[in-house]
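Everything below concerns the one structure shown next.
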Ligand SMILES: CC(C)(COP(=O)(O)OP(=O)(O)OC[C@H]1O[C@@H](n2cnc3c(N)ncnc32)[C@H](O)[C@@H]1OP(=O)(O)O)[C@@H](O)C(=O)NCCC(=O)NCCS
């Protein structure tokens, strides 16, 4: 089984040293010599990994707990086996269920990709029609959800509303806690994918004081989302086909990304077996952060702060001095180029033909040009990521900056759900519970208040 991920970045120092031994080469195992005891252990290698629990047998005495790995932020730990998404960060490859992202972005639709991610295969015509029909007919929200959303302060961030609103949905579907009922589980997955755009649009309309627009079943997934966001007094909203398709492709690019921070949150929370609404709420909360899904919002703010192309060199200097980060640059996995960024750059051209060129584009292009030839960025393998250009497209399409992370959360819901279901059905998974290296005070006795100095 190929491993997903990338080799360590150029700046990471090797931890293990090479030692020679006289055993014959070619065995799928690792021999570890414990220099504390002089004992050697042979550990099987499977899929380029060793089982962390194998290290537990390496002890200095029978009472010893045994060795563990120390891996803050899981930078070199495979925490699951997955068949959903494959990334080769060194080569800039991203495949969903084996299909390259470039082909899906060119030929597919978001809903077809969601089906693929959830089911493992592309749908045939009948399956596709049934799937689209069921998503289209689950877009409405219970009327009390409107009051729930209206209860937030007028300037509430839509991601804050999304976290709470999705969690609140679990109270409407009590049967959602039967997560091992395959039919019921699928119903909740359809509901979640169908209702996310409605929740997002309602959160936006509430924040600008506009009346809610109900879903229009004649429109596509993204066409209807644009309708719920932007329809004013017209009897029938007709989305611009270029913008509708651009948004659909952006949704395809954001549908899944293997074991990122929000997927880890979804899997970890899901591993204690709550309903999927509660687990998706955790995924959204993780996505909210500026180092993850909040980055596209931060890119826009950064470009506005830079103000003009001429100020780019000065900003780059500040980044190199460690005063700030270049938002939309760098990735834990991609150490070559984010393949999604390449596709997004093409979409940007199509969108700007309709909306007019975004004036911030010149600053972005100049930042990219300078950064890609600067040793600071080159040596650290820092390239534009998916968020670098997506914010410019969203802004040109009329989305307020605060809604950018929401535009990430909507399509990622299918990825989160596929990962969640895979985790639930994986016999090797249990409740997530990592270990720690305790670095605190040794045992000590309680001190009465008047005896403390
Ligand atoms: C995505 C990100 C969190 C990955 O972080 P990571 O894999 O943990 O990488 P590190 O934070 O260890 O960074 C490695 C080195 O590159 C530098 N670096 C990483 N991203 C940087 C950025 N965007 N701007 C400037 N320097 C950056 C770090 O300062 C560090 O330098 P050092 O070795 O001199 O200390 C990080 O690149 C980042 O913060 N990017 C900006 C936010 C963003 O665009 N997020 C969206 C991701 S899709």
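Residue numbers (my numbering): 90 to 542. Backbone N, C-alpha and C define an ideal beta-carbon position, used for all residues, glycine too.
Shown here for residue 541: not one same chain residue has a beta carbon closer than 7 Å to its own, the five before and five after excluded. Look at residue 182 here: in three-state DSSP terms it is strand. One alpha carbon belongs to residue 151, the other to residue 159, and they sit about 22 Å apart. Not one heavy atom of ligand 1 is found less than 7 Å from the C-beta of residue 391.
For residue 401, same chain residues with a beta-carbon under 8 Å away, outside a window of 5 residues either side, are 395, 452, 455, 456, 459 in chain order. Between residue 293 and the set 334, 281, 250, 280, the nearest pair of CA atoms involves 250. In the same chain as residue 386, and ignoring 5 residues on each side of it, the C-beta atoms closer than 8 Å to its own belong to 379, 480, 490, 491, 493, 494, in chain order. Of 482, 475, 461, the smallest CA-CA separation from residue 445 is found for 482. Relative to ligand 1, residue 521 has its C-beta separated by 7 Å or more from all heavy atoms. In the displayed model, residue 177 falls within a strand according to three-state DSSP. When DSSP assignments are scanned along the stretch 167-247, the uninterrupted stretches of beta strand (DSSP E) that are 3 or more residues long and fall wholly within it turn out to be 174-177, 182-185.
Nearest neighbour of residue 342 by Cα position, chosen from 443, 431, 515, turns out to be 431. The C-alpha of residue 204 is placed about 45 Å away from the C-alpha of residue 406. DSSP, reduced to helix, strand and coil, places residue 135 within a strand of the structure shown. Contact annotation, residue 502 with residue 285: C-beta distance approximately 5 Å; criterion of less than 8 Å satisfied. Residue 509 and residue 183 have their C-alpha atoms spaced approximately 20 Å apart. For residue 475, the shortest C-beta to heavy atom distance toward ligand 1 is below 7 Å. The beta carbon of residue 450 lies closer than 8 Å to those of 437, 441, 481 in the same chain, with the five residues before and after it left out. Taking non-hydrogen atoms of ligand 1 into account, the C-beta of residue 183 is found less than 7 Å away from none of them.
Separation of residue 238 and residue 317 (C-alpha to C-alpha, rounded to the nearest whole angstrom) is 15 Å. Residue 304 sits away from residue 418, with the two beta carbons spaced by 8 Å or more.
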